[in-house]
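Below: the structure, in structure tokens.
In my numbering, the protein residues as written are 249 to 830.
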């Protein structure tokens, strides 16, 4: 036992190396002796290689070289450009030293330090292996030299951002804490039991967001109903049934402001409940309530009409004919705001009925059925003096006389929409704004006032149809100082020179925030840049179909929407700081 304790590890290692070396030398001596014996026994004639054997050996070598080249190609190894294949390199690869296996010892290519090879050992510049220290240094140098990668933006986030911009929501910087909280609540709406004492503005925004996601159901509807509320705003009622509508007015018996969109299941039973419970309605907006009969409409207006101040009815394709509309007008004499759009059974008789509403301040009409210009003129002449906003969409028979009536009667307007017409002329628009006693307008929408004769794309030269150059310049001269929103999409008879004079970068329109110039193909990059310089408050420019706009410098905080570029998104949000001084 004592003797074994005196044997050192160094002695054991030295004995092992000595025995291994002696065994290797003995094997080499035995191999040499065997080779000499074979050489002595081999006949002289057999040592001489015949020509056929030499040819066969070369052919086998060539086949081996070709096989090596083919295997190298499969591994993705490519020669440098212009460097021919080398048979010597391929042959040399047959005898090159194989990469040491994990667990074996190897010298580091850079520092020549002896280390144990692992599966994670890195390769050096010349193909050798590196020790742990050199591997870390090489990796650090590679990361330092590499360019930082741009953070990838998910497709859903990019689509959401562009959707917001198309909706007119232009965000500069991080979202507010309020917006983040609203989105978090919407994401987890199935786990929310009640909203608590949220203000009306936040409730309205939550309703809009949840309606956009189409998650308003009978359960989520309860979150928006409380007995102390007086407002019900649901922007998508597509998943609600008759009992849900009755529940609204049962839980909120003092509802004064009701806004229900896509209300396909709003039926006679709901109106009967409203009338029986004497719900104090003051503002009522209904969309697509097509299952209400004409008799029940008349019942609603006769019992609740005296209190109504705001009424909006849209997309009624079966109910609400002219006779029922007469009941509406006679039962609601105190209306101040009336919006009737896409009610397919209304005609000139309905226009004549509206003429008796002398308390109206806001009127918005869009009748799919044909109407006549005299009926529209009589309506404007009767109530135009008291109007603050006027919207007339798709009245195809309206002519310059209608514009003249607006000029002489409507002297208190702040908003004017007159679009989708091909009878009014540029001279009519000039006379509308020339010496008009009305103050400058803040909102103008003259979209699609143009000739529809496609044999003359530029319209008549002598008397242009629709809003053309002279009318546009007169419009901007009258209202440019107070104008905030301008829509002139598809008014294609405005020439390039008129745009250049209006948006020359020297004239300034300090309040103009939104412009829609879609399908005005004459507008190019120069005009677009002029718009940015002439409108320092600009936030949104919609330019679908303006193919001559390219590579325009978009100012910071401005959304340019619709300019087609193969490589870019449909929305370009500006990041460029601009000096607004001309």
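By construction, the Cβ of each residue, glycine as well, lies at the ideal position given by its N, Cα and C atoms.
About 6 Å separates the beta carbons of residue 768 and residue 740, which is inside the 8 Å limit, making them a contact pair. The three-state reading of DSSP puts residue 625 in helix, counting H, G and I together. In terms of Cβ geometry, residue 610 and residue 584 form a close pair [threshold 8 Å]. For the segment 680 to 716, not one full-length alpha helix (DSSP H) segment reaches 4 residues or more.
Comparing alpha-carbon positions, the option among 393, 264, 519 and 770 lying closest to residue 493 turns out to be 519. A check of alpha carbon separations from residue 798 across 806, 776, 495 and 486 identifies 776 as the nearest.
DSSP places residue 576 inside the alpha helix (DSSP H), whose first and last residues are 570 to 579. Residue burial annotation: residue 669 is buried, with at least 16 other C-beta atoms found within 10 angstroms of its C-beta. According to the DSSP assignment, residue 802 belongs to no alpha helix (DSSP H), since it is labelled neither H nor E. In the DSSP assignment, the residues bridged to residue 667 are 641. For residue 362, the three-state secondary structure derived from DSSP is strand.
DSSP places residue 723 within a helical segment (H, G or I) once states are collapsed to three. As the crow flies, the alpha-carbon of residue 452 is around 43 Å from that of residue 744. In this structure residue 671 is in contact with residue 647, their Cβ atoms being roughly 5 Å apart against a cut-off of 8 Å.
Residue pairing by DSSP puts residue 588 in a beta bridge opposite 561 and 613. For residue 532, the enclosing beta strand (DSSP E) starts and ends at 531 to 535. Residue environment analysis places residue 713 among the buried positions, since at least 16 neighbouring C-beta atoms fall within 10 angstroms of its C-beta. Each residue's CA atom was taken as its position, placing residue 361 and residue 377 some 11 Å apart. Unbroken beta strand (DSSP E) runs of no fewer than 3 residues, entirely contained in the segment 464 to 545, are found at 479 to 482, 505 to 508 and 531 to 535, following chain order. Here residue 723 is not near residue 697, since their CB atoms are 8 Å or more apart. Closest in C-alpha terms to residue 488, from the list 499, 513 and 509, comes 513. If you compare the alpha carbons of 763, 553, 484 and 569 with that of residue 541, the shortest gap goes to 569. With respect to the 8 Å criterion, residue 515 and residue 539 are classified as neighbours on the basis of their beta carbons. DSSP links residue 381 through a beta bridge to no other residue. In terms of Cα proximity to residue 686, the closest of 719, 636 and 613 is 636.
Per DSSP, the unbroken alpha helix (DSSP H) holding residue 432 starts and ends at 425 to 435.
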